[in-house]
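Chemist: Protein chains in written order, with this note's numbering: chain A, 22 to 419; chain B, 168 to 585. Sharing a structure with you now.
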Amino acid sequence: MLLRVSSWMISFMNYRRWSEFDMISIRNIFRLGLVLGLAIGSVSCDLLGSGVRVHLAEPFPAKLSKWRLFEAGAMPLKPNKGVVPYDLNTPLFSDYATKHRTIWMPEGTAAVYNGEDVFDFPVGTVITKSFSFPDEKNPGRERILETRLLVRAKDGWKALPYIWNEAQTEATLEIVPDPVEISFKDPGGTQHNITYSIPNANECAQCHERHKTLLPLGPKARNLNRDLAYAEGPANQLDHWTKIGYLKGAPAAAEAPRVPVWNDPTSGSLDARARAYLDNNCAHCHRPGGVAGYTAFLTEFTETDMRRLGYFKPPNSAGYTGNRPFDIVPGKPEESILLYRMESTRPKERMPEIAREIVHREGIQLIREWLASLPQEQTAARSAAATARPRDAAKEAP
Amino acid sequence: MKRFVPAVLVVSLLLFAAACNSGSSESSSSASPADFQKKLQEDLIKAAPGAVIEIPEGKFKLDKTLSLKVDKVTIRGKGMDKTILSFAGQKAGSAGMLVKANDFTIEDLAIEDAAGDALKVEDGTNITIRRVRVEWTAGPKETNGPYGIYPVTCKNVLIEDSVAIAASDAGIYVGQSDTVIMRRNRAERNVAGIEIENTKNADVYENTATNNTGGIMAFNLPDLPVQGGENVRIYNNKIIGNNTANFAPTSQIVAGLPTGTGVLVMAIRNVEIFKNVIKDNNTANINITTFSPPEDKPIKNEKYNQFVASVYIHDNEISGGGASPDVRLPKIAGLTRAAGKTFADVLYDGVIEPKDGKPGTMADAKICLDNNGAATFLNYDAANGFKKMGKDAKAYKCALPALAAISLPQTGAAGGGM
Numbered sequence: 022m023l024l025r026v027s028s029w030m031i032s033f034m035n036y037r038r039w040s041e042f043d044m045i046s047i048r049n050i051f052r053l054g055l056v057l058g059l060a061i062g063s064v065s066c067d068l069l070g071s072g073v074r075v076h077l078a079e080p081f082p083a084k085l086s087k088w089r090l091f092e093a094g095a096m097p098l099k100p101n102k103g104v105v106p107y108d109l110n111t112p113l114f115s116d117y118a119t120k121h122r123t124i125w126m127p128e129g130t131a132a133v134y135n136g137e138d139v140f141d142f143p144v145g146t147v148i149t150k151s152f153s154f155p156d157e158k159n160p161g162r163e164r165i166l167e168t169r170l171l172v173r174a175k176d177g178w179k180a181l182p183y184i185w186n187e188a189q190t191e192a193t194l195e196i197v198p199d200p201v202e203i204s205f206k207d208p209g210g211t212q213h214n215i216t217y218s219i220p221n222a223n224e225c226a227q228c229h230e231r232h233k234t235l236l237p238l239g240p241k242a243r244n245l246n247r248d249l250a251y252a253e254g255p256a257n258q259l260d261h262w263t264k265i266g267y268l269k270g271a272p273a274a275a276e277a278p279r280v281p282v283w284n285d286p287t288s289g290s291l292d293a294r295a296r297a298y299l300d301n302n303c304a305h306c307h308r309p310g311g312v313a314g315y316t317a318f319l320t321e322f323t324e325t326d327m328r329r330l331g332y333f334k335p336p337n338s339a340g341y342t343g344n345r346p347f348d349i350v351p352g353k354p355e356e357s358i359l360l361y362r363m364e365s366t367r368p369k370e371r372m373p374e375i376a377r378e379i380v381h382r383e384g385i386q387l388i389r390e391w392l393a394s395l396p397q398e399q400t401a402a403r404s405a406a407a408t409a410r411p412r413d414a415a416k417e418a419p
Numbered sequence: 168m169k170r171f172v173p174a175v176l177v178v179s180l181l182l183f184a185a186a187c188n189s190g191s192s193e194s195s196s197s198a199s200p201a202d203f204q205k206k207l208q209e210d211l212i213k214a215a216p217g218a219v220i221e222i223p224e225g226k227f228k229l230d231k232t233l234s235l236k237v238d239k240v241t242i243r244g245k246g247m248d249k250t251i252l253s254f255a256g257q258k259a260g261s262a263g264m265l266v267k268a269n270d271f272t273i274e275d276l277a278i279e280d281a282a283g284d285a286l287k288v289e290d291g292t293n294i295t296i297r298r299v300r301v302e303w304t305a306g307p308k309e310t311n312g313p314y315g316i317y318p319v320t321c322k323n324v325l326i327e328d329s330v331a332i333a334a335s336d337a338g339i340y341v342g343q344s345d346t347v348i349m350r351r352n353r354a355e356r357n358v359a360g361i362e363i364e365n366t367k368n369a370d371v372y373e374n375t376a377t378n379n380t381g382g383i384m385a386f387n388l389p390d391l392p393v394q395g396g397e398n399v400r401i402y403n404n405k406i407i408g409n410n411t412a413n414f415a416p417t418s419q420i421v422a423g424l425p426t427g428t429g430v431l432v433m434a435i436r437n438v439e440i441f442k443n444v445i446k447d448n449n450t451a452n453i454n455i456t457t458f459s460p461p462e463d464k465p466i467k468n469e470k471y472n473q474f475v476a477s478v479y480i481h482d483n484e485i486s487g488g489g490a491s492p493d494v495r496l497p498k499i500a501g502l503t504r505a506a507g508k509t510f511a512d513v514l515y516d517g518v519i520e521p522k523d524g525k526p527g528t529m530a531d532a533k534i535c536l537d538n539n540g541a542a543t544f545l546n547y548d549a550a551n552g553f554k555k556m557g558k559d560a561k562a563y564k565c566a567l568p569a570l571a572a573i574s575l576p577q578t579g580a581a582g583g584g585m
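If you want it as structure tokens, here you go:
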């Protein structure tokens, strides 16, 4: 797999890129800012400690800094010792937010590999995801809005949303965060002025729950199986996690499943990229045991039943679907409810239902191409074959 | 690059000054709508099991789904016309209120104008919904939320003394659930007034369903994970004049519900309908039918049984049904060409599940009609192109064992009725 250093991180320092928009200036600002910041921070601030401090029960710290997941005062965030950045092949779209993910596990513990699903993480695991947007007031810089923590406590995972202050110096745990007005240009140059809604604790569970149990979504083998530029040099994430003792039981990366990068045609076929997109943008709810499992429209990458995937599946309780007949009509994007829901921003129609205010133009383009590419002859054949049963049954009746 | 240096320095200094003082500036609270919503949502998240969350009198504007995940919580207002949660102009979330918890009680409040479903309760055991009104205040509209009171995949559900108005699918609904009592409710101007879908063991009594497209329906649909709904008693209800033109979005299955349906019994077995007043529903007072999917929407679920059997309809007061069938639907229009411009009180498609590879018989179907006054009847023989239509209800005079009454932990003893 090709490593794209330019789209990654600053290779000689162990911290992550903070912008997709203006790499060069950001990089330089932060090299400087970091050095200065650390120098000042280390002498003036007793928040500085060495090493992550994990909290496994209520009350959880009101301030993010108490976890010591990031080096005190560093902006962009610089993961503390043992806190490992990671990325996913195909992520969830969140209003064009840039997302920065990290994972930390207690000394001597490791996640147990699973080829199909999220790994089994040890008690004490802390996963973070920070959401940022271009900072309109400081061109070239980014503004972090929130850092979400998933903490593997003794009695299961806890979801903790920390909201950053305007000064970007600290984030505070908020059970019901206020929405934030933001303005920014997306990578395609379109200006957006939106009310960015930060999920409350219950809404976290809306996506992260399966069979009523809160679970991480991203860290599965197929999502993690890609290269990342670490301080020590580029490496496959699965291999790296195994090497540093964060993962046991994993095969060599080449043997592990992998989904392509949704917007990189060199990484997989149109079909595989579309399925990867649906896997990470829909299947957190639309999977067995997920919040939308009851709809029987199921979009996991591993799903093989085409009806469950939406082929000619009529909606049940979906409400307004643009008067389109099926979740997916092969070959006909404009007749497929799937696309209608992606294109809508109305609360009761849009999908995903929460945490999306903006239409994902590029994602829609991918799904539109995919729907158009699905063989239309199947349309007639499947419809005819499947219709036979009830009609014949009726004929047999007296 | 150089030009950035001073700015960075200043910013860094400021950053650290702020970090070390760490004075958090909490915004002062006032009584704005956003604050009400935030406070209520916080209360719902922080609630300890056993908590009672009281909402005062007043009309409160909310723009986002309220959600609850804590077990054993009661939400209580001051009355369905006094405590009103208004979601008009809702910005986020599809439901008004979304509950995923056990031992949940909600009472004495109203939920108005939700973007989607008004009150959705998922995967809960021991759910009580009492004296709750859900309403879309502009009346029937295609863009109204689909479901009003909407427990799905629940066990032990009590819905009583509640009101649902103008849902674009079902006003008071229970789906994929087990052990349910729906009593003394009023459903008006919804597409489906009261609906029991893919649900086992339900008692539906003393409700009033009027001016809906259809009054009370009990059925199974194929594309749902929980199958095998059965054992439904519908009794002592008033199901009158459900003739509001179907206003569901046309892609919804419920858009195929004929306007003027009193009671719909579809693809289900073990249903007892008795002591109801069912009148003036223009397509039929009672419609008993197989589920026949649209040709382009075939059934694809091996567990699904599309046929209807063991339906016992007795001691009802039935009159004035079928006077003006809903010819908007091609199937109904087709039937009027064969059967005439009016139907009957009780409409039956006559389709029986094959048995051991052979056609089933009436004895297998067990459709029993007894002591329903002067109710008229029509078997329109759907399986054979309306060839052997029958109007004689006497051929169906028989009795079935009474179904057992349902009891719930919430109600103590079994519900009323026979």
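Even glycine gets a Cβ: it sits at the ideal position worked out from N, Cα and C.
1) Enumerate, from N- to C-terminal direction, the unbroken beta strand (DSSP E) stretches of 3 or more residues contained entirely within the segment 74-155 of chain A.
2) Start and end of the beta strand (DSSP E) containing tryptophan 178(A)?
3) Thinking C-beta only, is alanine 277(A) closer than 8 angstroms to alanine 250(A)?
4) Under a CB-based cut-off of 8 angstroms, is arginine 328(A) close to chain B?
5) Using a Cβ-Cβ cutoff of less than 6 angstroms, which residues in the same chain neighbour alanine 560(B) once the five nearest sequence positions on both sides are dropped?
6) Just checking my contact of valine 444(B) with isoleucine 407(B) at CB under 8 angstroms: how many whole Å lie between their CB atoms?
7) Are the C-beta atoms of threonine 320(B) and some chain A residue less than 8 angstroms apart?
8) Name the DSSP bridge partner or partners of methionine 264(B)?
9) If we ignore side chains and look at the alpha-carbon of each, how far apart do threonine 503(B) and phenylalanine 510(B) end up?
10) For the alpha helix (DSSP H) containing alanine 505(B), list its first residue and its last residue.
11) I'd like to know whether the C-beta atoms of glycine 488(B) and alanine 451(B) end up nearer to each other than 8 angstroms.
12) Leucine 391(B) touches chain A at which residues, Cβ-Cβ below 9 angstroms?
13) Please list, in chain order, all residues of the same chain as proline 587(B) whose beta carbon is under 7 angstroms from its beta carbon, the five residues on each side excluded.
14) Hey, could you find the ends of the beta strand (DSSP E) cysteine 535(B) is sitting in?
15) For aspartate 141(A), which residues of its own chain have a beta-carbon under 8 angstroms away from its beta-carbon, when the five flanking residues on both sides are left out?
16) Whole angstroms is fine: what's the gap from alanine 566(B)'s alpha carbon to tyrosine 479(B)'s?
17) Buried or exposed: alanine 304(A), going by 16 or more other Cβ atoms within 10 Å of its Cβ?
18) Taking just the CA atoms, how far does glutamine 386(A) sit from arginine 345(A)?
19) Which two residues bound the contiguous alpha helix (DSSP H) that contains isoleucine 388(A)?
20) Using only CA atoms, which one of Trp178(A), Asn301(A), His121(A) lies nearest to valine 280(A)?
21) Does the beta-carbon of isoleucine 326(B) have 16 or more other beta-carbons within 10 angstroms, so that it is buried, or is it exposed?
22) Output, in sequence order along the chain, the residues in the segment 204-223 of chain A whose CB is closer than 8 angstroms to any CB in chain B.
23) Please state whether DSSP places proline 281(A) in a helix, a strand or coil.
24) Below 6 angstroms CB to CB, which residues in the same chain sit around isoleucine 294(B) once its five sequence neighbours on both sides are set aside?
25) What is the DSSP secondary structure of threonine 426(B), counted as helix, strand or coil?
26) Output needed for proline 127(A): all residues of its chain with C-beta closer than 6 angstroms, excluding positions within five of it in sequence on either side, in chain order.
27) If you drop the 5 nearest sequence neighbours on each side, which residues of the same chain put their C-beta closer than 7 angstroms to that of phenylalanine 322(A)?
28) Contact between the segment 374-381 of chain B and the segment 351-366 of chain B: three or more CB pairs below 8 angstroms?
29) By DSSP, does serine 335(B) sit in helix, in strand, or in coil?
30) Using a beta-carbon distance cut-off of less than 7 angstroms, what residues from the segment 367-379 of chain A approach chain B?
31) So, is the C-beta of aspartate 290(B) closer than 8 angstroms to a C-beta in chain A?
32) Got a sec: is the Cβ-Cβ distance from proline 416(B) to anything in chain A below 8 angstroms?
33) Against chain A, with Cβ distances strictly below 8 angstroms, would glutamine 208(B) count as a contact?
34) Taking 8 angstroms as the cut-off, does the segment 72-92 of chain A touch the segment 170-181 of chain A (at least 3 CB pairs, one atom from each stretch)?
35) By the 7 angstroms beta-carbon criterion, what residues does the segment 225-254 of chain B contribute toward chain A?
36) Using a Cβ-Cβ cut-off of less than 9 angstroms, list which residues of the segment 295-310 of chain A approach chain B; keep chain order.
Modeler: On the basis of the supplied data:
1) Within the segment 74-155 of chain A, complete beta strand (DSSP E) segments of at least 3 residues are found at 105-107, 119-125, 147-155, given in chain order.
2) Mapped onto the first sequence, residue 178(A) falls at position 157. Taken as a continuous stretch (DSSP letters only), the beta strand (DSSP E) holding tryptophan 178(A) covers 177-185.
3) On the first sequence, position 229 is the one that residue 250(A) refers to. On the first sequence, position 256 is the one that residue 277(A) refers to. Result no, Cβ atoms of alanine 250(A) and alanine 277(A) do not sit closer than 8 angstroms.
4) Translated into the one-based positions of the first sequence, residue 328(A) becomes position 307. Yes, arginine 328(A) counts as interfacial toward chain B.
5) Here residue 560(B) corresponds to residue number 393 of the second sequence, with the count starting at 1. Leu536, Phe544, listed in sequence order.
6) By 1-based counting over the second sequence, the position of residue 444(B) is 277. By 1-based counting over the second sequence, the position of residue 407(B) is 240. Sure, about 7 angstroms apart at Cβ, within 8 angstroms.
7) Start at 1 with the first residue of the second sequence, and residue 320(B) comes out as number 153. Closer than 8 angstroms to the CB of threonine 320(B) there is at least one CB belonging to chain A.
8) Locating residue 264(B) in the second sequence gives position 97, where the first residue counts as 1. Answer is Leu233(B), Leu286(B).
9) What you label residue 503(B) is simply residue 336 of the second sequence in a count that begins at 1. What you label residue 510(B) is simply residue 343 of the second sequence in a count that begins at 1. The alpha-carbon atoms of threonine 503(B) and phenylalanine 510(B) are separated by roughly 8 angstroms.
10) Against the second sequence, residue 505(B) aligns to sequence position 338. Membership of alanine 505(B) in the alpha helix (DSSP H) is indicated by the continuous run 497-506.
11) Counting from 1 along the second sequence, the entry for residue 488(B) is found at position 321. Counting from 1 along the second sequence, the entry for residue 451(B) is found at position 284. Cβ distance < 8 angstroms, so glycine 488(B) and alanine 451(B) count as in contact.
12) Translated into positions along the second sequence, residue 391(B) becomes position 224. Correct list: Tyr315, Thr316, Ala317, Asn337, Ser338.
13) Only positions 168 to 585 of chain B appear in the structure, and residue 587(B) is not among them; the question remains open.
14) Here residue 535(B) corresponds to residue number 368 of the second sequence, with the count starting at 1. Annotation: the continuous beta strand (DSSP E) that includes cysteine 535(B) extends over 534-537.
15) On the first sequence, residue 141(A) is found 120 positions in, with the first residue counted as 1. Same-chain partners within the cutoff: Ala132, Val133, Asn135.
16) Against the second sequence, residue 566(B) aligns to sequence position 399. Against the second sequence, residue 479(B) aligns to sequence position 312. The straight-line gap from Cα to Cα measures roughly 7 angstroms.
17) As a working note, residue 304(A) is residue 283 in the first sequence. That one is buried.
18) Within the first sequence, residue 345(A) is the residue found at index 324, counting from 1. Within the first sequence, residue 386(A) is the residue found at index 365, counting from 1. Rounded to whole angstroms, the gap between the alpha carbons of arginine 345(A) and glutamine 386(A) is 19 angstroms.
19) The residue labelled residue 388(A) in the question sits at position 367 within the first sequence. Counted as a single uninterrupted DSSP element, the alpha helix (DSSP H) harbouring isoleucine 388(A) occupies residues 382-394.
20) The sequence position of residue 280(A) within the first sequence is 259, counting from 1. Closest option to valine 280(A), Cα to Cα, is Asn301(A).
21) Locating residue 326(B) in the second sequence gives position 159, counting from the first residue. With 16 or more Cβ atoms within 10 Å of its Cβ, isoleucine 326(B) is classed as buried.
22) Flagged, chain order: Thr216, Ser218, Asn221, Ala222, Asn223.
23) Taking the first sequence and counting its residues from 1, the one referred to as residue 281(A) is at position 260. Three-state DSSP puts proline 281(A) in coil, outside helix and strand.
24) For this step, residue 294(B) is matched to residue 127 along the second sequence. Correct list, in chain order: Phe271, Val288, Pro318, Cys321, Val324.
25) If you number the second sequence from 1, residue 426(B) lands on position 259. Threonine 426(B): coil per DSSP, three-state reduction.
26) As a position in the first sequence, residue 127(A) is number 106, starting the count at 1. Here the set comprises Gly145.
27) Indexing the first sequence from 1 puts residue 322(A) at position 301. Here the set comprises Arg243, Val280, Arg296, Ala297, Asp300.
28) A contact is defined here as three or more CB-CB pairs under 8 angstroms, and the segment 374-381 of chain B meets this definition with respect to the segment 351-366 of chain B.
29) Against the second sequence, residue 335(B) aligns to sequence position 168. DSSP places serine 335(B) in coil when its eight states are reduced to three.
30) Close to chain B, meaning a Cβ-Cβ distance shorter than 7 angstroms, are the following residues of the segment 367-379 of chain A: Pro368, Lys369, Glu374, Ile375.
31) Taking the first residue of the second sequence as position 1, residue 290(B) is located at position 123. Among the CB atoms of chain A, one or more fall inside 8 angstroms of the CB of aspartate 290(B).
32) Translated into positions along the second sequence, residue 416(B) becomes position 249. Taking Cβ atoms only, chain A reaches closer than 8 angstroms to proline 416(B), which makes this a yes.
33) For this step, residue 208(B) is matched to residue 41 along the second sequence. Cβ-Cβ to chain A under 8 angstroms: yes for glutamine 208(B).
34) With the cut-off at 8 angstroms, the segment 170-181 of chain A and the segment 72-92 of chain A touch.
35) From the segment 225-254 of chain B, only Ser234, Lys236 have a Cβ closer than 7 angstroms to chain A.
36) Answer in chain order: Pro309.
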